[in-house]
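Below: one structure, written as structure tokens.
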Amino acid sequence: MEELSGSVILLLAFLVGSFLGWFLRGQRETIKEPPGILNLDAVGEYKMVLVVRQDLGMGKGKVAAQCCHAAVGLCRQMETNNPKLLHEWDQTGCAKVVVKAPDEETLVELTRQGRSLGLETCLIRDAGRTQIAPGSKTVLGVGPGPVDIVDRVTGHLKLY
8 MEELSGSVIL LLAFLVGSFL GWFLRGQRET IKEPPGILNL DAVGEYKMVL VVRQDLGMGK
68 GKVAAQCCHA AVGLCRQMET NNPKLLHEWD QTGCAKVVVK APDEETLVEL TRQGRSLGLE
128 TCLIRDAGRT QIAPGSKTVL GVGPGPVDIV DRVTGHLKLY
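According to the working numbering, the sequence shown holds residues 8 to 167 in order.
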């Protein structure tokens with residue numbers, strides 16, 4: 008009889024655990040969207056902008072590598088902070104634009120502006136192993152986000 012009650016308890020524990028796992032599985036998949044301004048239902052075009060600092064005189068290969076760091080960094084942040092928007096950007100072609108900024112102060116100010124609008128930003132600092140001094144801010148990634156909101160931050164900058 009003790010074996011039967013132990014089996015019944017084990018079966019009940021399994022069933023309760025399975026039910027709780029099934030019920031709670033949707034609870035942990037919450038999507039965090041940036042505060043306030045980003046409403047995916049109201050927009051349809053998305054883009055990421057990579058802002059390259061010009062006063063450092065980086066070579067083309069260095070610029071390409073730094074832009075890749077910024078793009079990957081933004082995607083990693085979006086996977087955690089706003090996977091729904093990342094998916095929408097992916098489904099609409101992953102638009103990316105590269106523009107120029109004159110100096111570090113501009114990158115810092117654009118970072119502040121982007122964050123104030125609820126956009127993801129990723130400011131890349133170089134490791135200093137090749138052309139640039141260690142810790143130099145080289146590229147700012149903004150977005151991906153709705154085109155009209157990203158343009159509020161970077162729309163005035165010239166293409167790279």
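Quick reminder that beta carbons are idealized off the backbone N, C-alpha and C, glycines included. Computed from a prediction, not measured in an experiment: that's the story for all the values here.
Below 8 Å, enough C-beta pairs join the stretch 56-65 and the stretch 107-120 to call them touching: three or more. In this structure LEU117 is in contact with VAL149, their Cβ atoms being roughly 7 Å apart against a cut-off of 8 Å. Nearest in C-alpha terms to ALA72, of all of ARG159, ARG132, THR87, GLY51, is ARG132.
Distance from the Cα of CYS82 is smallest, within the candidate group ALA140, VAL154, PRO153, THR128, for THR128. With fewer than 16 other Cβ atoms from the protein chains shown falling within 10 Å of its own Cβ, VAL79 counts as exposed. Rounded to whole angstroms, the gap between the alpha carbons of LYS103 and HIS76 is 14 Å. Where LEU93 is concerned, there is no enclosing beta strand (DSSP E), although the alpha helix (DSSP H) around it starts and stops at 90-98. Rounded to the nearest angstrom, the Cβ distance from VAL160 to LYS54 is 11 Å, too far for a contact under 8 Å.
LEU126 and GLU95 have their C-alpha atoms spaced approximately 15 Å apart.
Contiguous alpha helix (DSSP H) elements confined to the stretch 90-156 occur at 90-98, 111-123, taking only those with 4 or more residues.
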